[in-house]
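Notes follow the structure.
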Amino acid sequence: MSGIIIGKDREHRSISNAGLFFRRWLANPLQMGSIIPSSPTFCRLIAERVERDPHEVVVELGAGTGVVSRALLAAGIPADKLLLVEIVPDMAEHLRRMLPGVRVVCGDAFELPKVLAEAGNPPVGDVVCGIPLVMLPAEQQRRIVSAMLEASPRRGFLHLSYCITSPLPKRRLGLTGGRLAYTWRNFPPGGVWRYAPARS
Ligand SMILES: C[S@@+](CC[C@H](N)C(=O)[O-])C[C@H]1O[C@@H](n2cnc3c(N)ncnc32)[C@H](O)[C@@H]1O
5 MSGIIIGKDR
15 EHRSISNAGL
25 FFRRWLANPL
35 QMGSIIPSSP
45 TFCRLIAERV
55 ERDPHEVVVE
65 LGAGTGVVSR
75 ALLAAGIPAD
85 KLLLVEIVPD
95 MAEHLRRMLP
105 GVRVVCGDAF
115 ELPKVLAEAG
125 NPPVGDVVCG
135 IPLVMLPAEQ
145 QRRIVSAMLE
155 ASPRRGFLHL
165 SYCITSPLPK
175 RRLGLTGGRL
185 AYTWRNFPPG
195 GVWRYAPARS
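Positions in the sequence shown are counted from 1; adding 4 to them yields the working numbering.
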């Protein structure tokens, strides 16, 4: 059992490219939101919360160097059912190299409807958002939240965040939801949140 975990952690290190991540944080700390990639424990917690039917794709926004993506694959999501969106070209290139068979779009998550249209509008099971939404102005939060809800109206979306309280203003954005999991074994400690449209 521990051998399996050590093996997975080694795989995690090989994909995480902490140097690239840190350089991007120096270049644009608000866009990165963290100085290092998510830990193996945090990635597993996220992957365990993802929901999808077999024909549905999982969309990950802000895939970074791919540590969460790798955990999603390890949790059983087929490579051709994973769609990654990452705004930094060097990171998108790294993702393509490290995760063969996974569709990687180098682009802005705000363009999610266009990204999905170009992918043939596949049915979406879950959206996993790693973008630091708490750093965004209210209007941008509203835009990205409505794009994610449009993509996955039934389940809503998962969000990884270091906030203790909700990283999104639920009432203002018409959302319901809360924290599903939390770990101290990440720097900074992190939580997995699920949000869905509030029923009126
Ligand atoms: C906190 S990092 C998370 C990276 C990775 N998911 C992890 O957990 O280690 C946030 C990522 O979101 C990306 N990002 C920020 N704004 C974005 C946007 N508008 N569209 C796509 N990616 C974005 C950043 O480049 C960065 O890779």
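We put the beta carbon where it would ideally sit given N, CA and C, even for glycine. Computed from a predicted structure; not experimentally measured.
### the region 82-92 in contact with the region 139-155 per 3-pair CB rule at 8 Å
no
### Task
Compute the distance between the beta-carbons of Pro166 and Pro126, then report whether it is under 8 Å.
First, the residue type needs correcting, since residue 166 is Tyr and not Pro in the sequence shown. It is not a contact, given that the beta carbons lie outside the stated cut-off.
### Task
Inspect the beta-carbon positions of Ser42 and Leu164 and report whether they are closer than 8 Å.
yes
### Message
Out of Val106, Val63 and Leu24, which one is the CA nearest neighbour of Asp94?
### Response
Out of Val106, Val63 and Leu24, Leu24 has the C-alpha closest to the C-alpha of Asp94.
### Message
To test your reading of the DSSP string, which unbroken alpha helix (DSSP H) runs of 4 or more residues are found completely within the region 31-67?
### Response
33-36 and 44-53
### Query
Per DSSP, Val128 forms a beta bridge with which residues?
Partner(s): Val61.
### Task
On a CA-only basis, which of Phe26, Gln35 and Ile19 is nearest Met139? Give me that one, please.
Gln35
### Query
Cα separation between Ser170 and Trp197?
8 Å
### Message
Given this structure, state the Cα-to-Cα distance separating Asn21 from Arg159, to the nearest angstrom.
### Response
Taking C-alpha positions only, Asn21 is separated from Arg159 by approximately 31 Å.
### Message
Let's test the definition: count the other Cβ atoms within 10 Å of the Cβ of Ile8 and tell me whether it reaches 16, buried, or not, exposed.
### Response
Annotation note: pLDDT 48 at Ile8 (below 50); position unreliable, no value reported.
### Message
Checking 8 Å against the spacing of the C-beta atoms, do Val63 and Val108 come in under that value?
### Response
no
### Task
Round the Cβ separation of Ile135 and Ala113 to the nearest angstrom and send it over; I've been treating them as touching at under 8 Å.
Ile135 to Ala113, Cβ: 6 Å. Contact.
### Query
Which one of Pro58, Asn32, Leu103 and Ser156 has the shortest CA to CA distance from Ile205?
With the chain covering only 5 through 204, there is no way to say anything about residue 205.
### Query
Any idea if Arg74 is buried or exposed, counting beta-carbon neighbours within 10 angstroms, 16 or more meaning buried?
buried
### Query
Can you give the Cα-Cα distance for Val119 and Gly111, rounded to whole angstroms?
8 Å
### Query
From Leu137 to Gln145, what distance separates their C-alpha atoms?
6 Å
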